[in-house]
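Asker: Using my numbering, read the sequence shown as starting at 21 and increasing by one per residue.
Cβ coordinates follow ideal geometry from the N, Cα and C atoms, glycine included.
All values derive from a computational prediction rather than experimental measurement.
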Amino acid sequence: MKKWLFNPFIYIAGVRSLIIGLVVMAITALICSFSHTHFNGLLQIGSRDTAAWRYFFEGFVVWLIPVIVFYVAGLIFSKSSIRLIDVAGTFALARWVMLFSAFTGFGMNLPDMNHHTIDDLIKAITPSFIALGLVSLVCMVWMIALLYNAFVISCNIRKEKSVVLFIICLLIAEIAARLIIHFI
């Protein structure tokens, strides 16, 4: 069971994982559009009201940018041949846990800071808000563990080189995704 929760890529990769991952990402975006939960970057969740297409766009960006960054890193640093479909599929499937984070937006009523004061923000922080924030944090850590395992499996990079390379690629992907989402 532990392998299915943290490293399902041993059993499923390529086109199958891509299809499952994209379907789950679309469902997540749909839920986000109702709960007003945004994935403003790989490692950031926010809340605001916006057009429905934006939720799908954000989900696509926070998946595609890491795929590109990690695939290029795999091409450069892996001693074996890697396939883009494996990186794309495993990274799509790794995002399935964010489905839980999408639901947390229903319980978090965070005011838009463009129209409210700090006092409004402080009033919005309730015990249920903190609990749902912790659920989102657990989901994010879980997704990072899945992304790491997806990277190791799909790019065939092992040992301490994989950890350092993963952290660097994750930071690059986070910055790039946040910039793209911010400016579009």
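When you compare the CB positions of Gly34 and Asp139, do they come within less than 8 Å of one another, or not?
Answerer: For the purposes of this step, residue 34 is identified with residue 14 of the sequence shown, where counting begins at 1. For the purposes of this step, residue 139 is identified with residue 119 of the sequence shown, where counting begins at 1. No; because the gap between Cβ atoms is not below 8 Å, this pair is not in contact.
Asker: In the stretch 29-82, which residue ranges form an unbroken alpha helix (DSSP H) of at least 4 residues, counting only runs that do not cross its ends?
Answerer: Qualifying alpha helix (DSSP H) stretches, in chain order: 34-55.
Asker: Are Thr48 and Ala170 closer than 8 Å when you measure CB to CB?
Answerer: Your numbering for residue 48 matches position 28 in the sequence shown. Your numbering for residue 170 matches position 150 in the sequence shown. No, the pair does not count as a contact, with Cβ atoms beyond the cut-off.
Asker: Do Ile102 and Cys175 count as a contact pair if the criterion is CB distance below 8 Å?
Answerer: For the purposes of this step, residue 175 is identified with residue 155 of the sequence shown, where counting begins at 1. For the purposes of this step, residue 102 is identified with residue 82 of the sequence shown, where counting begins at 1. The answer is yes: Cβ separation under 8 Å.
Asker: Along the chain, where does the alpha helix (DSSP H) containing Thr137 start, and where does it finish?
Answerer: Translated into positions along the sequence shown, residue 137 becomes position 117. Taken as a continuous stretch (DSSP letters only), Thr137 belongs to no alpha helix (DSSP H), as it is neither H nor E.
Asker: How far does the alpha helix (DSSP H) with Lys179 in it extend, from its first residue to its last?
Answerer: The residue you call residue 179 lines up with position 159 of the sequence shown. It spans 179-203 - the alpha helix (DSSP H) in which Lys179 sits, taken as one unbroken run.
Asker: Rounded to whole angstroms, what's the CA-CA distance from Phe80 to Ile150? Just pull it up for me.
Answerer: Counted from its first residue, the sequence shown places residue 80 at position 60. Counted from its first residue, the sequence shown places residue 150 at position 130. For Phe80 and Ile150, the distance between alpha carbons rounds to 28 Å.
Asker: Just the Cα atoms here: how many angstroms apart are Arg178 and Phe97?
Answerer: Position 158 of the sequence shown holds residue 178. Position 77 of the sequence shown holds residue 97. Taking the straight line from one Cα to the other gives about 10 Å.
Asker: Could you have a look at Ser156 and say whether DSSP puts it in helix, strand or coil?
Answerer: Within the sequence shown, numbered from 1, the residue matching residue 156 stands at position 136. It is helical.
Asker: Compare the Cα-Cα distances from Asn27 to each of Ala72, Trp116, Leu157 and report the closest residue.
Answerer: One-based indexing of the sequence shown puts residue 27 at position 7. Out of Ala72, Trp116, Leu157, Trp116 has the C-alpha closest to the C-alpha of Asn27.
Asker: Please tell me whether Val89 and Ile204 are closer than 8 Å, where the distance is taken between their beta carbons.
Answerer: The residue labelled residue 89 in the question sits at position 69 within the sequence shown. The residue labelled residue 204 in the question sits at position 184 within the sequence shown. Going by C-beta atoms, Val89 is not nearer than 8 Å to Ile204.
Asker: For the putative contact between Ala72 and Val87, defined by C-beta atoms under 8 Å, what is the C-beta separation to the nearest angstrom?
Answerer: As a first step, residue 72 is located in the sequence shown; it is residue number 52 there, counting from the start. As a first step, residue 87 is located in the sequence shown; it is residue number 67 there, counting from the start. Ala72 to Val87, Cβ: 24 Å. No contact.
Asker: Tell whether a beta-carbon distance below 8 Å holds between Ile173 and Ile30.
Answerer: Here residue 173 refers to the residue found at position 153 of the sequence shown. Here residue 30 refers to the residue found at position 10 of the sequence shown. Yes, the pair counts as a contact, with Cβ atoms nearer than the cut-off.
Asker: Work out the CA separation of Thr110 and Phe120 for me, nearest whole Å.
Answerer: Locating residue 120 in the sequence shown gives position 100, counting from the first residue. Locating residue 110 in the sequence shown gives position 90, counting from the first residue. When rounded, the distance between both Cα atoms is 18 Å.
Asker: Taking all protein chains shown into account, decide if Ile51 is buried (16 or more other Cβ within 10 angstroms of its Cβ) or exposed.
Answerer: As a working note, residue 51 is residue 31 in the sequence shown. Label assigned to Ile51: buried.
Asker: Please say whether Leu185 and Ala93 have beta carbons closer to each other than 8 Å?
Answerer: Position 73 of the sequence shown, counting from 1, holds the residue named residue 93. Position 165 of the sequence shown, counting from 1, holds the residue named residue 185. It is a contact, given that the beta carbons lie within the stated cut-off.
Asker: Can you give me the C-alpha to C-alpha distance between Ser55 and Phe126, rounded to a whole angstrom?
Answerer: One-based indexing of the sequence shown puts residue 55 at position 35. One-based indexing of the sequence shown puts residue 126 at position 106. Near 5 Å, if we compare the C-alpha coordinates of Phe126 and Ser55.
Asker: Any idea what DSSP makes of Gly125, helix, strand or coil?
Answerer: Position 105 of the sequence shown, counted from the start, is the residue given in the question as residue 125. If DSSP states are grouped into helix, strand and coil, Gly125 belongs with coil.
Asker: For Thr70, count neighbouring Cβ atoms within 10 angstroms of its own Cβ and tell me buried if that reaches 16, exposed if not.
Answerer: As a first step, residue 70 must be located in the sequence shown, where it is residue number 50. Burial call: exposed.
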